[in-house]
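Chains as they are written, first to last, in my numbering: chain A, 182 to 295; chain B, 50 to 162.
Below, the structure is given as structure tokens:
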């Protein structure tokens, strides 16, 4: 079955520290992978996406993610977290044939300590 | 350019009542999607419109849910009668076409008591 797992329900980091949010997927077809962020009171915003090519993807707000096919992972990273990064982060997967039916992970809530 | 808007932002109703959620997509976006997140679980796809036609409604949970998009502009999602398990956040998204990024609205939080 197609699924996305995010092992960490909640993470707390200090401002300025590095961040890595984990994402693993199970998907039969070649996946398209996404990371979305939802800040309080806001809609979901696309941080970055992977369709093909370079497995290290750069996104907005200084985020990057690396696609590792052998590990079925698409972890999100940021070298230095800002207080404004506190939000909920969702990993998601789709495919060329079902791009429009995106499957989301359960989300990771990020808290940032000043 | 205005983003995707949803109304109301929060609705509290009693079990058995009817609620209608509205979504206004970004102007010119033919594709409109509904998702929901129930009780902190995964965000799940409900259905997809292309203009006024339902392209895929495989995620609709049951026949208590009715979505419409008359004229291919805004969309409504009606829940009738509402049940406790319908509580959650309902998201709407739009995109200009297949394969493009989906732009999400802020969501409507539905509480059924």
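Glycine included, C-beta positions come from ideal geometry on N, C-alpha and C.
Check                                                                                                                                                                                 : Outcome
Taking Cβ positions only, does residue 155 of chain B come closer than 8 Å to chain A?                                                                                                : yes
Would you report the Cα separation of residue 208 of chain A and residue 251 of chain A, rounded to the nearest angstrom?                                                             : 13 Å
Here's the rule: buried if 16 or more other CB atoms are within 10 angstroms of the residue's CB, otherwise exposed. What is residue 134 of chain A?                                  : Past the boundaries of the shown model lies residue 134 of chain A; chain A is included only from 182 to 295, so the question cannot be answered.
What does residue 103 of chain B reach in chain A if we use C-beta pairs closer than 9 Å?                                                                                             : Near residue 103 of chain B there are no residues of chain A at all, since even the closest Cβ is about 12 Å away, more than 9 Å.
Is there a C-beta anywhere in chain B that falls below 8 Å from the one on residue 183 of chain A?                                                                                    : no
Mind pulling the alpha helix (DSSP H) runs of 4 or more residues that sit fully within the region 67–95 of chain B?                                                                   : none
Given a cut-off of 8 Å, decide if residue 189 of chain A and residue 200 of chain A are closer than it, judged by their beta-carbon atoms.                                            : no
Name the two residues that bound the continuous beta strand (DSSP E) containing residue 242 of chain A.                                                                               : Looking at the DSSP string, residue 242 of chain A is not in any beta strand (DSSP E), and its letter there is neither H nor E.
Mind the definition here: the region 149–159 of chain B touches the region 62–81 of chain B only if three or more C-beta pairs lie below 8 Å; say whether that holds.                 : yes
With DSSP as the reference, label residue 147 of chain B as helix, strand or coil.                                                                                                    : coil
Okay, do the region 60–69 of chain B and the region 102–114 of chain B touch, 3+ Cβ pairs below 8 Å being the bar?                                                                    : no
With a threshold of 8 Å on Cβ separation, who are the neighbours of residue 136 of chain B within its own chain once the five nearest residues in sequence on each side are excluded? : 87, 88, 159, 160 and 161
Less than 6 Å between C-beta atoms, sequence neighbours within five positions excluded: which residues of the same chain meet that for residue 106 of chain B?                        : 96
Any C-beta of chain B within less than 7 Å: which residues of the region 262–295 of chain A qualify?                                                                                  : 271, 280, 281, 282, 283, 285, 286 and 287
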